[in-house]
Amino acid sequence: APREGSILPETYLFIRGESRADLLARMQAAQKRLLRELWPVRAPDLPLANPWEAVILASIVERETSVAAERPRVAGVFVNRLRKGMRLQSDPTVRYALIAAGQPPAGPLTRRDLRFQSPYNSYQSDGLPPGPIANPGRAAIAAVLQPERTDALYFVADGDGGHVFARSLSEHNANVARYRKLMRARRAQRKTDPAAPAQVE
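Going by this note's numbering, 144 is the number at position 94 of the sequence shown; the sequence numbering is gapless.
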């Protein structure tokens, strides 16, 4: 199997008679080409020592949001945290650590999960994990190498697929409280009316 994070997920034309190993080699070569293209023109003063560290951070961005427009801002938050020596505190790194240990979470992460000891758990470890947690796409890699300039240090889900960003912990805690209130309201609505839409205005 290829090393985690070493292939570029894109649409590839399959050549008749091509082996799986040959196809994977093409996917790995595509990622190397992309990094050779983007690394030299990266934003200045990024807290990333080499292209592989960019892939590691991009894999976290890839898992944090499926909203393409958010990726540069999410990347900007993580870059800010790395510059300040703050832990990344990314939930997807915890999920990866638990799955790698054969303990996949059954639902939302718990406080106990966040304390799980693993170099991949960015709640417990400083800096970047030792390797990628996914195969990041072109957009996530580009976002990490050209992150949005933002003062934000935190973000939390908004309940509709996106995220709400905050500059201070107090602002972030208020956003978290609003998100939890929204989730409680949605659960209550589904209990009283199972046919009701999941979204609550």
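Glycine is no exception: its CB is placed at the ideal position from the N, C-alpha and C atoms.
Just so we're clear, the structure is a prediction, and the values are computed from it rather than from any experiment.
By the DSSP assignment, the beta strand (DSSP E) with residue i in it spans what residues?
| i | result |
| --- | --- |
| Ala216 | 213 to 216 |
Going by DSSP, what residue range makes up the alpha helix (DSSP H) through residue i?
| i | result |
| --- | --- |
| Tyr173 | Here Tyr173 belongs to no alpha helix (DSSP H), and DSSP marks it neither H nor E. |
| Asp201 | It is not in any alpha helix (DSSP H) - Asp201 carries neither H nor E in the DSSP assignment. |
| Phe64 | Segment: none, Phe64 is in no alpha helix (DSSP H) and carries neither H nor E. |
| Ile149 | 141 to 150 |
| Gly126 | 121 to 133 |
| Leu178 | Leu178 -> no alpha helix (DSSP H), and no H or E assigned at all. |
| Ala238 | 219 to 242 |
Does the ligand FMN have a heavy atom nearer than 7 angstroms to the CB of residue i?
| i | result |
| --- | --- |
| Met233 | Summarising the ligand content, the structure contains no ligands, and the ligand FMN is consequently not present. |
Which partner residues does residue i have in the DSSP bridge list?
| i | result |
| --- | --- |
| Val206 | Val214 |
Specify the secondary structure class of residue i as computed by DSSP and reduced to three states.
| i | result |
| --- | --- |
| Ser116 | coil |
| Leu58 | coil |
| Pro90 | helix |
| Ala75 | helix |
| Asp163 | helix |
| Ala80 | helix |
| Gln249 | Caution applies to Gln249, whose pLDDT of 49 falls short of 50 and renders its modelled position unreliable; the model cannot decide the point. |
| Arg137 | coil |
| Gly101 | For the sequence presented, residue 101 should be read as Pro rather than Gly. Three-state result, Pro101: helix. |
| Arg70 | helix |
| Arg188 | helix |
Hey, out of the options, whose CA is closest to residue i's CA?
| i | options | result |
| --- | --- | --- |
| Asp201 | Leu63, Val129, Ile191, Tyr173 | Val129 |
| Leu164 | Leu178, Thr143, Thr242 | Thr143 |
| Pro16 | Arg70, Leu63, Glu103 | Lying before the first or after the last residue shown, residue 16 is absent from the chain, which here runs from 51 to 251. |
| Glu60 | Met77, Arg66, Ser69, Glu54 | Met77 |
| Arg217 | Pro182, Arg162, Val124 | Val124 |
The segment 220 to 228 in contact with the segment 81 to 91 per 3-pair CB rule at 8 angstroms: Segments in contact, no.
Cβ contact check for the segment 128 to 147 and the segment 166 to 178: 3 or more pairs under 8 angstroms: yes
Touch test, the segment 90 to 106 against the segment 192 to 206, Cβ-Cβ under 8 angstroms, three pairs minimum: The answer is yes - the segment 192 to 206 touches the segment 90 to 106, with three or more Cβ pairs under 8 angstroms.
Inter-stretch contact at 8 angstroms, needing at least 3 Cβ pairs: the segment 172 to 190 / the segment 106 to 113: As far as the Cβ criterion goes, the segment 172 to 190 touches the segment 106 to 113, which means the pair count is three or higher.
Meets three-Cβ-pair contact criterion under 8 angstroms: the segment 68 to 87 and the segment 151 to 164: no
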